[in-house]
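Quick note, the numbering used here runs 892 ahead of the 1-based positions in the sequence shown.
In this text, a Cβ means the ideal position worked out from N, Cα and C, and glycines have one as well.
I have placed the structure first, in the form of structure tokens, so that the comments after it can refer back to it.
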Amino acid sequence: MTPSPRRYHITTFGCQMNKADSERMAGVLENLGMEWSEDPNGADLILYNTCTIRDNAEQKVYSYLGRQAKRKQTQPDLTLIVAGCVAQQEGEQLLRRVPELDLVMGPQHANRLGELLEQVFAGQQVVATEAVHIMEDITKPRRDSAVTAWVNAIYGCNERCSYCVVPNVRGVEQSRTPEAIRTEMTELARQGYKEITLLGQNIDAYGRDLPGATESGRHLHTFTDLLYFVHDIEGIERLRFATSHPRYFTERLIKACQELPKVCEHFHIPFQSGDNEILKAMKRGYSIERYRQIIDRIRELMPDAALSADVIVGFPGETESQFENTLKVVADIGFDQLNTAAYSPRPGTPAALWENQLPEEVKVDRLQRLNHLVSIKAGERSRRYLGRIEDVLVEEENPKDPGQVMGRTRGNRLTFFPGQIASLRGRVVPVQITEVRAFSLTGIPQSLG
Ligand code: SAH
Ligand code: SF4
Ligand code: F3S
């Protein structure tokens, strides 16, 4: 009798880094002969790839986990795994809190899932959270999309923003070599992928840790050099990158984005606060004037560039007028999209210990006021597309309308238009925009030429 293949389920919380890690871990599991189960209750291996950036992200993990831990009491052969940032943050404590767990593994161990599982299947409860050098990926990820793919360029973060857990859970910066990145991208192109997003917590800090020659004082492995090194891969039509830190965003990089045709005119550069004193307390390492200079320069060279950012409201000690400085930046710059969050004190971060924490209702109120402004501004930004013809790279069917497909403009606006996914997936279609909403567009395809 051959045993039926084991079925696995992964739920991913958090950022693109986690999504990319999940795709690689799914690849490892499929290599072991397992099959995907959309329903966690139909799986005999469940992996939660977790996020701890804010308290509510962490609490969500515990509620999901609680349900499956219960199930394990009646189904002892269920394998339960917590990976990602909560795993790294909590380590052994997670086992004490949820004794049903088989494996707790930090983000740096994602590529080692196979060998860790061997120990689990041999009957051990395993915790893998020690800092390691991230091994080059040897398995093939199971990617969610057939058109767009993520490629890690740099892992970890060397900053010490006073509110943030990421350096604690993702470790120090580790850049992959330009050759390894190019090889992965070339393979993706061969498989038919059209768009690649290069990933890093601070992608523009890429290369600082790589050994390498310097030429007249300049390191030869900057992110700008990486873009020049990979931009010509045949078959790849679009390049994106995220997230950029204002501290490392150089004039050279802006020029490269203008010069390289495949690099899309969309920049995600978090500014976190519009107030210099708050920025200092956050330990961000730039002033809001410097941030505005970067944006001005981008708009000088690429007037239509789309801009997005992350912002925190209600940081400890933030006064009403300091918050208004953030509103002012949002009003002046006019972002295409903004990720906003109320400050959440995180264990192991300096700001969590300060005494000038703001009451919850002040944070919630500021968040609502900011979000209101963001959607007005995004709506204004969308309006510039009306009547224009935009190149849309088709990714999927519109889940709400099978007669429509959806994709993104170069500026990263989600766009819907009538068409059949079977013939259009992966194609760049000129679309005349006929309807605009704050965060999406609808249009009519033009002839494919
Ligand atoms: N490395 C990127 C962002 C990584 S974390 C950068 O520096 O810009 C993603 C976002 O989560 C951050 O940009 C920040 O806006 C938000 N964030 C991080 N810690 C937070 C906290 N303690 N409370 C609220 N939001 C937080
Ligand atoms: Fe967190 Fe700051 Fe690093 Fe971004 S740069 S991941 S906000 S510590
Ligand atoms: Fe969350 Fe970890 Fe990303 S804490 S935001 S999943 S780096």
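Within its chain, find whatever has a CB closer than 8 Å to the CB of Leu1118; leave out the 5 residues flanking it on each side and keep chain order.
The residues are Ala1045, Pro1070, Ile1073, Leu1090, Tyr1098, Gly1099.
In the structure shown, what three-state DSSP assignment does Asn1231 receive?
The answer is strand: DSSP assigns Asn1231 an E or B state.
Under three-state DSSP, which class holds Met1194?
Of the three classes helix, strand and coil, the one that applies to Met1194 here is coil, per DSSP.
Is it the case that the CB of Pro999 approaches a heavy atom of the ligand F3S more closely than 8 Å?
Result yes, Cβ under 8 Å from the ligand F3S.
For Leu1285, name the three-state secondary structure that DSSP assigns.
Three-state DSSP puts Leu1285 in a strand.
Is Phe1013 buried or exposed, if buried means 16 or more other CB atoms sit within 10 Å of its CB?
Looking at its Cβ environment, which holds fewer than 16 other Cβ atoms inside 10 Å, Phe1013 is exposed.
Any contact between the segment 1247 to 1260 and the segment 1290 to 1303? By contact I mean 3 or more CB pairs, one from each, below 8 Å.
The segment 1247 to 1260, when compared against the segment 1290 to 1303, does not touch it at the 8 Å Cβ threshold.
May I ask whether a heavy atom of the ligand HEM can be found less than 8 Å away from the beta carbon of Cys977?
Although the ligand HEM was asked about, the structure shown includes only the ligand SAH, the ligand SF4 and the ligand F3S as ligands.
Using 8 Å as the cut-off, classify the Cβ of Gln1066 as near or not near the heavy atoms of the ligand F3S, replying yes or no.
No; taking the cut-off as 8 Å, the Cβ of Gln1066 has no heavy atom of the ligand F3S nearer than that.
Nearest-angstrom Cα distance between Tyr940 and Glu1010?
Distance between the alpha carbons of Tyr940 and Glu1010 is about 18 Å.
So which of Met1194, Trp928, Ser1179, Phe1159 has the shortest CA-CA distance to Gln1150?
The shortest C-alpha separation from Gln1150 is found at Met1194.
Comparing the CB of Asp1202 with every heavy atom of the ligand SAH, is any distance shorter than 8 Å?
Yes, the Cβ of Asp1202 comes within 8 Å of a heavy atom of the ligand SAH.
Assuming Leu937 contacts Thr971 under a Cβ cut-off of 8 Å, what Cβ separation, rounded to an integer in Å, is found between them?
With a Cβ gap of about 4 Å, Leu937 and Thr971 count as contacting.
Is the beta carbon of Val1057 less than 9 Å from the beta carbon of Thr1241?
For Val1057 and Thr1241, yes; Cβs fall inside 9 Å.
What is the C-beta distance between Ala979 and Gly1318, in whole angstroms, given that I count them as a contact (C-beta under 8 Å)?
No, Ala979 and Gly1318 are not in contact; Cβ-Cβ is about 35 Å, not under 8 Å.
Hey, Leu1278 and Ile1325 are a contact pair by Cβ (cut 8 Å); roughly how many whole angstroms apart?
That pair is a contact at about 6 Å.
Taking 8 Å as the cut-off, is the CB of Val1058 close to at least one heavy atom of the ligand SF4?
Checking every heavy atom of the ligand SF4 against the Cβ of Val1058, one is found closer than 8 Å.
With distances taken Cα to Cα, identify the nearest neighbour of Arg1329 among Arg1273, Lys1292, Glu984.
Nearest C-alpha to Arg1329: Arg1273.
Considering only heavy atoms of the ligand F3S, does any lie closer than 8 Å to the CB of Ile1046?
Ile1046: no, Cβ never under 8 Å from the ligand F3S.
I'd like to confirm something about Ser1179: is its beta-carbon nearer than 8 Å to some heavy atom of the ligand SAH, or not?
The answer is no for Ser1179.
Quick one: grab the DSSP three-state call for Asn1290.
Strand, per DSSP.
For a test of the three-state rule: what should DSSP assign to Val1064, helix, strand or coil?
Here Val1064 sits in coil by DSSP.
Which residues share a DSSP beta bridge with Thr1218?
Bridge partners of Thr1218: none, in fact.
Under 8 Å from any heavy atom of the ligand F3S, does the C-beta of Gly1063 make it?
For the ligand F3S, not one heavy atom lies less than 8 Å from the Cβ of Gly1063.
Beta strand (DSSP E) containing Ile938: first to last residue?
Its beta strand (DSSP E) spans residues 937 to 942.
Taking the C-alpha atoms as reference points, what is the distance between Glu1129 and Pro1251?
So the two alpha carbons sit approximately 48 Å from each other.
Please tell me whether Ile1180 and Ser1165 are closer than 9 Å, where the distance is taken between their beta carbons.
In contact: Ile1180 and Ser1165 (Cβ atoms closer than 9 Å).
In chain order, what residues of the same chain have a beta carbon less than 8 Å from the beta carbon of Phe1227, not counting five sequence neighbours either side?
Around Phe1227: Leu1199, Ser1200, Ala1201, Val1266, Lys1269, Ala1270, Arg1273.
One question on the structure: do Pro1239 and Gln1017 come within less than 9 Å of each other, judged by their Cβ atoms?
Not closer than 9 Å, so no.
Examine the Cβ distances between the segment 1000 to 1007 and the segment 914 to 931 and report whether three or more of them are shorter than 8 Å.
Yes, they touch.
Give the DSSP-derived three-state secondary structure of Glu992 in the structure shown.
DSSP places Glu992 in coil when its eight states are reduced to three.
Taking the alpha carbon of Val1043 as the reference point, which residue from Tyr1055, Ile1095, Gly1015 has its own alpha carbon closest?
Considering only alpha carbons, the answer is Ile1095.
Is DSSP giving Gly934 helix, strand or coil here?
Three-state result, Gly934: helix.
Which parts of the segment 1116 to 1152 are runs of the beta strand (DSSP E), unbroken and 3 residues or longer, counting only runs that do not cross its ends?
As far as the segment 1116 to 1152 is concerned, its whole beta strand (DSSP E) runs of at least 3 residues are 1130 to 1134.
Is the beta carbon of Val1024 less than 9 Å from the beta carbon of Val996?
Not a contact, by the Cβ cut-off of 9 Å.
In the DSSP assignment, find the beta strand (DSSP E) that holds Gly906 and state where it starts and stops.
Where Gly906 is concerned, there is no enclosing beta strand (DSSP E), given that its DSSP letter is neither H nor E.
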